[in-house]
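Since the structure comes first, as structure tokens, the remarks are kept for the end.
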Amino acid sequence: MEQKNRILLIDDDSDLLNLLYGCMQEKYELDLARNGAQGLELLKRKKYSLILLDVMLPGMDGISVLKKVRESDTVPVILLTARDSQSDKVNGLYTGADDYITKPFDIKELLARVDSQIRRNTVFNNGLSQTEELKYPAVTIDPVSRAVKTEKGEVFLTGKEFDILYFLASSPGQVYTKKQIYKAVWQEEYVYDDDNIMAVISRIRKKTEADPAAPRLITTIRGVGYRFDGGN
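Sequential numbering of the sequence shown, starting at 565, is according to the working numbering.
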């Protein structure tokens, strides 16, 4: 029997946890946590395919939990938030979330996003030709091990971060629009999602650049998109 993917649900809303458990238990192995500390403890002991994380948690809030997760783990994280503020969503994305969904949400939409994130994270070849190691003056990218070695040493990228970096690095000097990047990496028709792309690029720069404020790997072409320069 094929082993189920394991998902960690972190939310203090017992009714919502019970609803999600009932909807997802046939397809996934599920662990439930009602606060951030409990969720982080479970993450130390088990390997997860995805985390569903509420932003408004008692004690340690969801963004703080996400920061702790990203110190050691690249597991996909979807934020659940009752907030409708764009700044809160952007903050989550820049902290390392892979996606967010605003409460109240349609359960079918949530399940579709969960499936999508797990599929992208478990399949190395996302429609990109991720077979050849790429070497440049300031970075080496290995698509098999998903390792990225920079002037700062080896860095660990989340699935989406790696896919965008590899996509851009596969065609150095080529300028890509945000729409082109989205369609290639997300494998979906473009919906206005510039904040997500900008957040991922920012995270890549923080991890790979000696000076993220003056990037040498991925250059912003104002009004157009991004170009990979390889540290030249």
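Think of the CB as a built atom: it goes at the ideal place given N, C-alpha and C, for glycine as much as any other residue. Note that the structure is a prediction, hence the values are computed from the model and not measured.
Range of the contiguous alpha helix (DSSP H) that encloses residue i
| i | result |
| --- | --- |
| F726 | 723-733 |
| R634 | 626-634 |
| A748 | 742-749 |
Sequence-distant residues of its chain with Cβ nearer than 6 angstroms to residue i (five each side left out)
| i | result |
| --- | --- |
| K713 | T704 |
| R598 | D576 |
| Q744 | none |
| R791 | V739, T783, I785 |
| K611 | none |
| G600 | L621, M624, V629 |
| I768 | E725, L729 |
| I722 | For clarity, residue 722 is Thr in the given sequence; the question names Ile instead. Excluding residues within five positions, the ones whose Cβ falls inside 6 angstroms are T638. |
Contact set for residue i: own chain, Cβ-Cβ below 7 angstroms, skip 5 residues either direction
| i | result |
| --- | --- |
| Q681 | L614, P640, I642, D662, D663 |
| A711 | E718 |
| L581 | L573, D575, L596 |
| N760 | L657 |
Contact set for residue i: own chain, Cβ-Cβ below 8 angstroms, skip 5 residues either direction
| i | result |
| --- | --- |
| L583 | I671 |
| L630 | L617, V641, L643, G656, T659, G660, A661 |
| F669 | L644 |
| T741 | V788, G789 |
| D793 | P736, G737, R780, L781, I782, T783 |
| S766 | Y658, P776 |
Boundaries of the beta strand (DSSP E) in which residue i is found, first to last residue
| i | result |
| --- | --- |
| Y612 | Run containing Y612: none; DSSP gives neither H nor E here. |
| D663 | 663-666 |
| V641 | 641-645 |
According to DSSP, residues forming a beta bridge with residue i
| i | result |
| --- | --- |
| G789 | T741, I785 |
| T772 | Paired residues: none, contrary to the question. |
| V719 | V712 |
| I571 | L594, L614 |
| I705 | L698, V712 |
Nearest residue (CA-CA) to residue i, options the options
| i | options | result |
| --- | --- | --- |
| K591 | E718, K610, I571 | I571 |
| G623 | D637, R609, G603 | G603 |
| A748 | I728, G737, S766 | I728 |
| Q567 | G787, I574, Q589 | Q589 |
| F632 | E605, D679, K611, D652 | Per the sequence shown, residue 632 should be read as Lys rather than Phe. The shortest C-alpha separation from K632 is found at E605. |
| Y700 | S735, V708, K667, T722 | S735 |
| V654 | M762, R769, E718, G794 | M762 |
| C587 | E773, E673, G789, S709 | E673 |
| V678 | P668, L781, E773, L644 | L644 |
| T659 | E725, R780, L732, R609 | E725 |
| T772 | L596, Y730, V788 | Y730 |
| S628 | P668, E593, I574 | I574 |
| E593 | N569, K608, G795 | N569 |
| Y746 | D625, G789, G737, R767 | G789 |
| V619 | S651, E635, L607, K608 | S651 |
| D775 | K716, F720, W750 | K716 |
| F720 | I765, S636, L732 | S636 |
| K770 | L675, V708, A676, R634 | R634 |
| L607 | T638, V708, Y585 | T638 |
| G795 | G626, L732, S578 | L732 |
Contact with chain B by residue i, beta-carbon distance below 9 angstroms
| i | result |
| --- | --- |
| Y790 | In the structure shown, chain B cannot be found, because there is only a single protein chain. |
Problem - Every unbroken beta strand (DSSP E) inside the segment 573-599 [3 residues or more] - result: 593-597
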